[in-house]
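So the structure is just underneath, and the comments pick up after that.
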Amino acid sequence: MGAATYTTLGGLAATLAYGAGYLVLTDSMNHFDVGAFLESTSPYVWANLGIACCIGLSVIGAGWGIFITGASILGAGVRAARITTKNLISIIFCEVVAIYGVIMAIVFSAKITGRLEAGPDGLWSPQNYLTVGITGANAAVADAADPQLFVKILVVEVFSSILGLFGLIGTLI
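Here UniProt numbering is used: the first residue of the sequence shown is 1, the next is one more, and so on.
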């Protein structure tokens with residue numbers, strides 16, 4: 001994680017700490033009632049927020065996985081130029097897994113009817129994309145070191161992509 005991430009998280013934590021401290025020290029805790037907020041918020045807001053998480057987190061996770069894989073392909077391509085086109089399959093796996101978030105959002109938006117029930121959300125996405133991205137990065141480095149490892153590491157990458165499919169199926173059930 002870079003400096004921008006730590007700055008953003010630090011600023012958010014400082015803002016929350018400042019707001020909580022203000023409410024506690026001024027004895028104004030009754031102005032913000034969490035229970036009343038949750039009761040007054042429509043269930044459709046939470047359903048649409050979950051759908052937005054499906055798409056948003058799938059895009060962020062896929063971009064992160066493509067970034068990790070692409071950087072490793074470029075770095076290992078300096079050592080062995082033959083791996084650059086062959087290892088583009090790793091980036092394609094990241095893009096294919098990104099479609100899972102879009103599929104979940106479409107299915108969940110079709111399920112929004114007059115009666116909402118508690119259900120799963122799209123938060124399984126980032127770790128799945130990160131798994132595919134890290135496996136793709138390792139495939140590039142392993143292929144640069146030994147060309148015979150490409151098919152073996154590709155099988156591992158296919159299995160990590162299948163874990164994403166299992167996550168999709170588990171979330172939809």
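Note that CB positions come from ideal geometry on N, CA and C, so glycine has one too. These numbers come from a predicted model, not from an experiment.
When you compare the CB positions of residue i and residue j, do they come within less than 9 Å of one another, or not?
| i | j | result |
| --- | --- | --- |
| Ala140 | Ser58 | no |
| Thr69 | Gly19 | no |
| Phe159 | Asn87 | no |
| Ala47 | Ile112 | yes |
| Ala137 | Ala71 | yes |
| Glu95 | Ile66 | yes |
| Phe32 | Leu23 | yes |
Among the options, which residue has its Cα nearest to the Cα of residue i?
| i | options | result |
| --- | --- | --- |
| Arg79 | Ala145, Thr26, Leu154, Asp33 | Ala145 |
| Ile103 | Val45, Ala14, Ile51 | Ile51 |
| Val97 | Ala62, Gly21, Gln148 | Ala62 |
| Gly101 | Phe166, Ala81, Leu9 | Phe166 |
DSSP on residue i, reduced to helix/strand/coil?
| i | result |
| --- | --- |
| Thr113 | coil |
| Asp146 | coil |
| Pro120 | Reliability fails at Pro120, whose pLDDT of 49 lies under 50, so the model's placement of it is uncertain and no value is given. |
Any chance you could list the alpha helix (DSSP H) runs of at least 4 consecutive residues sitting entirely within the stretch 5–88, in chain order? 34–40, 43–79, 83–86
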